[in-house]
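Heads up: the structure comes next, in structure tokens.
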Amino acid sequence: MKKIIFLVLTFLCLNVYSQQKDPVWHTDANKAINLSLQTGKPMFLFFTGSDWCIWCKRLVSEVFDKKEFKDWANKNIILLEVDFPKRSPQSEELKAQNSQLQRTFQGLIRGYPTGIFAQPVLKDKDVQFSVIGSEETGFSLGYVRGGAKTWILEANKRLKTKK
Numbered sequence: 006m007k008k009i010i011f012l013v014l015t016f017l018c019l020n021v022y023s024q025q026k027d028p029v030w031h032t033d034a035n036k037a038i039n040l041s042l043q044t045g046k047p048m049f050l051f052f053t054g055s056d057w058c059i060w061c062k063r064l065v066s067e068v069f070d071k072k073e074f075k076d077w078a079n080k081n082i083i084l085l086e087v088d089f090p091k092r093s094p095q096s097e098e099l100k101a102q103n104s105q106l107q108r109t110f111q112g113l114i115r116g117y118p119t120g121i122f123a124q125p126v127l128k129d130k131d132v133q134f135s136v137i138g139s140e141e142t143g144f145s146l147g148y149v150r151g152g153a154k155t156w157i158l159e160a161n162k163r164l165k166t167k168k
């Protein structure tokens with residue numbers, strides 16, 4: 006009996022340990038920037054209207070909520086959600102931060118959802134962003150029909166242009 010209990014507990018512990026954690030969707034840009042600088046991983050800034058944008062909701066449910074995306078994101082990028090909700094409350098600090106990020110990337114955001122891969126760079130104690138992509142691949146990535154696998158293929162095309 007003790008052996009059976011031991012085996013069951015061992016199996017449960019291994020199962021819990023083997024499950025990879027979901028990637029963290031940061032909302033604090035400074036935390037995401039610092040993590041990107043520490044790890045060398047590029048950031049993925051997801052510009053969204055979480056409570057009103059149907060294409061944003063589809064992107065989340067068809068791609069970001071899938072195990073394949075979560076595994077890929079954990080290995081490759083730092084996630085930052087830049088949200089512009091209409092009904093959900095946000096702090097004034099978060100609204101100001103998100104508006105500033107939208108101004109920083111204004112030429113690349115033509116609607117929601119828009120995702121931008123960027124590498125933060127420290128220059129004279131100021132953070133600047135080096136956008137990742139090319140004329141061929143594009144500099145932003147939004148909803149892509151075909152699910153997580155197709156979206157990841159498109160993302161990898163952009164990330165391959167990273168210098």
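Numbering-wise, the sequence shown is residues 6 to 168 according to the working numbering. The C-beta atom is built at its ideal place from N, Cα and C for all residues, glycine as well. On a predicted model such as this, the values are computed, not experimentally measured, just so you know.
Using the rule of at least 16 other Cβ atoms within 10 Å of the residue's Cβ for burial, across every protein chain shown, is residue i buried or exposed?
i: A123; result: buried
i: V21; result: Legend: pLDDT at V21 = 49, less than 50; position of this residue unreliable, value from coordinates given subsequently. Exposed, by the Cβ-count rule.
i: V126; result: exposed
i: I114; result: buried
i: D129; result: exposed
i: P47; result: buried
i: T109; result: buried
Rounded to whole angstroms, what is the Cα-Cα separation between residue i and residue j?
i: L158; j: Q107; result: 25 Å
i: E140; j: R163; result: 10 Å
i: G112; j: K26; result: 34 Å
i: Q105; j: R63; result: 26 Å
Can residue i and residue j be called in contact, C-beta distance under 7 Å?
i: S55; j: I83; result: no
i: K167; j: I137; result: yes
i: K75; j: P28; result: yes
i: G120; j: L146; result: yes
i: E86; j: F51; result: yes
i: Q102; j: A34; result: yes
i: W60; j: P118; result: yes
Could you pull the DSSP bridge partners for residue i from this structure?
i: A123; result: M48 and V136
i: L40; result: Looking at the DSSP assignment, L40 forms no beta bridge with any residue, so it has no partner.
i: W30; result: L84
i: D70; result: Answer by DSSP bridge pairing: none, since D70 is not bridged.
i: K128; result: D131
i: L146; result: G120
Measuring only between beta-carbons, confirm whether residue i sits less than 7 Å from chain D.
i: C58; result: This model lacks chain D altogether; it includes just one protein chain.
Inset, instruction - Would you check if the stretch 146-166 and the stretch 65-74 touch, i.e. whether three or more CB-CB distances between them fall below 8 Å? - result: yes
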